[in-house]
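Chains as they are written, first to last, in our numbering: chain S, 2 to 227; chain F, 23 to 345.
Even for Gly, the Cβ is constructed at its ideal location relative to N, Cα and C.
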């Protein structure tokens, strides 16, 4: 498989179960290591590098809201972890009032009341709140590539729509290059400027721009059936 | 008796804090404890016998523990062994190491100046022990409170809580686990160093059962002092160590022979594991009862099902609101 994602792309990736979407995403994220081939991220070859190393350029929102946040830690602590300009092994004290005010400003636009719950342990938040926080954390350091791994699949329809809207807003304002795996045809068609269909570990369809805009759901479904 | 327990508890506190770091922060049951505790004792006593001061010797003991923790950490993270097995391997290997350091299975201190000898000789042994224990434990607690307020400490906590999320956020989790093992076993060995000086000897068998002592003390401490702040959690560990010592002293006072102390330790651990579970169940039941009573279900109290039904009916809820 060969796939190049241009800066500024918002790619939706669809495909059957077992088609290789998750394998693709995990290989990019570093959870799986490629047996052969090359992986270049923002000009750096990262084929054999660890997940933590790739985190310099890459962020990920997991499908499970519990995966993307540390439940025992507070909202503020989770946000601190996402701020990658401070080295994770530095001996600087991490708490200060200025920082907390900045976090509140970041959380307010989510409209989930999280700005008043900075010291709440994340495990007490709802799935939607956790996923929104996860999304905010992933985009906090303006990554070169944002990976969304079916990040609305575990949420109820209403929350799912809200998180999806939020995603669009954050991606747009920060001009993030994004790759989103989804099972929802409508989301794949509505969001992003490019659509990739994966089947049997191959790219079956790769459309962008106007061509993607004109794609209809029934056409897509027909391709699935083939 | 209580005074003695406080003194002994303070000497054991670094061990409990060490167990707390692996067990609670990193979520790893680390059996290296059983080897690093006598290692700290062996290194300290040997260093003192070869002319080092008690302070230097204790620090050497601490560092030896860090090395032991590093070995377990490498086995666990780089060689991908289950953490239980990694701990067992290091612990087993340390037996030989400790024998080599000591030369024989029991090495007494001769006339060397131990830490308590730096204090005025007019003070009682208990007071000396308490002062030394409080000083050392105080330093350990203070350093750890500071550590967990730094970004490194936060990374440690995150690694123990959610490793996948931590590495996705750029934390090298392997390094964090190794650092955790090192700090933990350093503290444990320091405790061994203190106990050896207090007893006046290092013994190859002194590590047996220390993991049970450590775990039991962690749980006892958490029963008496709860909280999220790190200073509170660490204080709970110190309290746990003291209460645990006191429980053992009481048991011995009741006439249990010394040989039975290990089974007592195990028994205490079983009890403190079960206690919070039973307490939670009891509390939930009490809460439910109180809640049902509030709903005015007193005449049907014996039939919780019917009162639950009533609680579900919208009328009941509304009438309560209007009150």
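Query                                                                                                                                                                          : Result
Can you give me the Cβ contacts of residue 297 of chain F inside the same chain, cut-off strictly under 7 angstroms, excluding the 5 residues immediately before and after it? : 245
Compute the distance between the beta-carbons of residue 172 of chain F and residue 185 of chain F, then report whether it is under 8 angstroms.                               : no
Could you give the distance in angstroms between the alpha-carbon of residue 17 of chain S and the alpha-carbon of residue 225 of chain S?                                     : 7 angstroms
Mind listing the chain F neighbours of residue 44 of chain S? Cutoff is C-beta to C-beta under 9 angstroms, in chain order.                                                    : Under the 9 angstroms cutoff, chain F gives no residues; its nearest Cβ is about 18 angstroms from residue 44 of chain S.
Output the distance between the C-alpha atoms of residue 9 of chain S and residue 98 of chain S, rounded to the nearest integer angstrom.                                      : 34 angstroms
Just to confirm, are residue 147 of chain S and residue 83 of chain S a CB contact at a threshold of 8 angstroms?                                                              : no
Quick one, which residues of the stretch 64-80 of chain S are near chain F if we go by CB-CB under 9 angstroms, in chain order?                                                : 67, 68, 69, 70, 71, 72, 73, 74, 75, 78 and 79
Whole angstroms is fine: what's the gap from residue 193 of chain F's alpha carbon to residue 69 of chain S's?                                                                 : 14 angstroms
Tell me, please, whether the stretch 74-94 of chain S touches the stretch 102-115 of chain S by the rule of three or more beta-carbon pairs shorter than 8 angstroms.          : yes
Give me the chain F residues within the contact set of residue 91 of chain S, using Cβ-Cβ distance strictly less than 8 angstroms, ordered along the chain.                    : 172, 173 and 174
Considering only the alpha carbon of each residue, which of S/133, S/85, S/90 and S/88 lies closest to residue 108 of chain S?                                                 : S/133
Got a sec: which bits of the stretch 249-273 of chain F sit with their beta carbon under 9 angstroms from any beta carbon on chain S, in order along the chain?                : 250
Counting contacts by CB-CB distance shorter than 8 angstroms, is residue 28 of chain S in contact with chain F?                                                                : no
Enumerate, from N- to C-terminal direction, the unbroken alpha helix (DSSP H) stretches of 4 or more residues contained entirely within the stretch 37-102 of chain S.         : 52-55 and 76-83
Apply the 10 Å Cβ neighbour rule to residue 22 of chain F and answer buried if 16 or more other Cβ atoms are within range, or exposed otherwise.                               : Outside the modelled stretch of chain F, which goes from 23 to 345, sits residue 22 of chain F, for which no answer is possible.
Please report the distance separating the alpha-carbon of residue 170 of chain S from that of residue 204 of chain S.                                                          : 28 angstroms
For residue 60 of chain S, which residues in the same chain have their Cβ closer than 6 angstroms to its Cβ, ignoring the five residues on either side in sequence?            : 139, 144 and 147
Taking the alpha-carbon of residue 66 of chain S as reference, which of S/173, S/157 and S/212 has the nearest alpha-carbon?                                                   : S/157
I want to know whether the stretch 231-241 of chain F touches the stretch 34-51 of chain F - three or more CB-CB distances under 8 angstroms.                                  : yes
Pop quiz: residue 83 of chain F and residue 66 of chain F are said to be a contact at Cβ under 8 angstroms. What is the actual Cβ separation, rounded to whole angstroms?      : 4 angstroms
Tell me, please, whether the CB atom of residue 104 of chain S is closer than 8 angstroms to any CB atom in chain F?                                                           : no
Would you please verify whether the beta carbon of residue 190 of chain F is less than 8 angstroms from any beta carbon of chain S?                                            : yes
Compute the Euclidean distance between the alpha carbons of residue 102 of chain F and residue 28 of chain F, then round it to the nearest angstrom.                           : 40 angstroms
Between S/160, S/110, S/137 and S/151, which has its C-alpha nearest residue 129 of chain S's C-alpha?                                                                         : S/160
I need the boundaries of the beta strand (DSSP E) containing residue 207 of chain F, first residue and last residue.                                                           : Premise fails: residue 207 of chain F lies in the alpha helix (DSSP H), 195-221, not in any beta strand (DSSP E).
Report the residue from S/199, S/200, S/195 and S/201 whose alpha carbon sits nearest the alpha carbon of residue 215 of chain S.                                              : S/195
Cα separation between residue 221 of chain F and residue 154 of chain F?                                                                                                       : 14 angstroms
For residue 168 of chain S, return the contacting residues in chain F, with the cut-off set at a CB-CB distance below 8 angstroms.                                             : Correct list: empty, because the minimum Cβ distance to chain F is about 17 angstroms.
Between which two residues does the alpha helix (DSSP H) harbouring residue 183 of chain F extend?                                                                             : 173-183
Taking the alpha-carbon positions, what's the residue 188 of chain F to residue 232 of chain F distance?                                                                       : 31 angstroms
Check distances from the C-beta atoms of the stretch 140-155 of chain S to those of chain F and list, in chain order, the residues that come in under 8 angstroms.             : none
Using a Cβ cut-off of 9 angstroms, pull out every chain S residue sitting near residue 194 of chain F, in sequence order please.                                               : 51, 53, 54, 89 and 90
Looking at the structure shown, is residue 23 of chain F part of a helix, part of a strand, or coil, going by DSSP?                                                            : coil
State the start and end residues of the unbroken alpha helix (DSSP H) segment that holds residue 251 of chain F.                                                               : Per DSSP, residue 251 of chain F belongs to no alpha helix (DSSP H) and is neither H nor E.
What is the DSSP secondary structure of residue 336 of chain F, counted as helix, strand or coil?                                                                              : With a pLDDT of only 40 at residue 336 of chain F, under the threshold of 50, the placement of this residue in the model should not be trusted, and no figure is reported.
Select from the stretch 114-142 of chain S all residues with a C-beta closer than 8 angstroms to any C-beta belonging to chain F, and list them in chain order.                : 122 and 138
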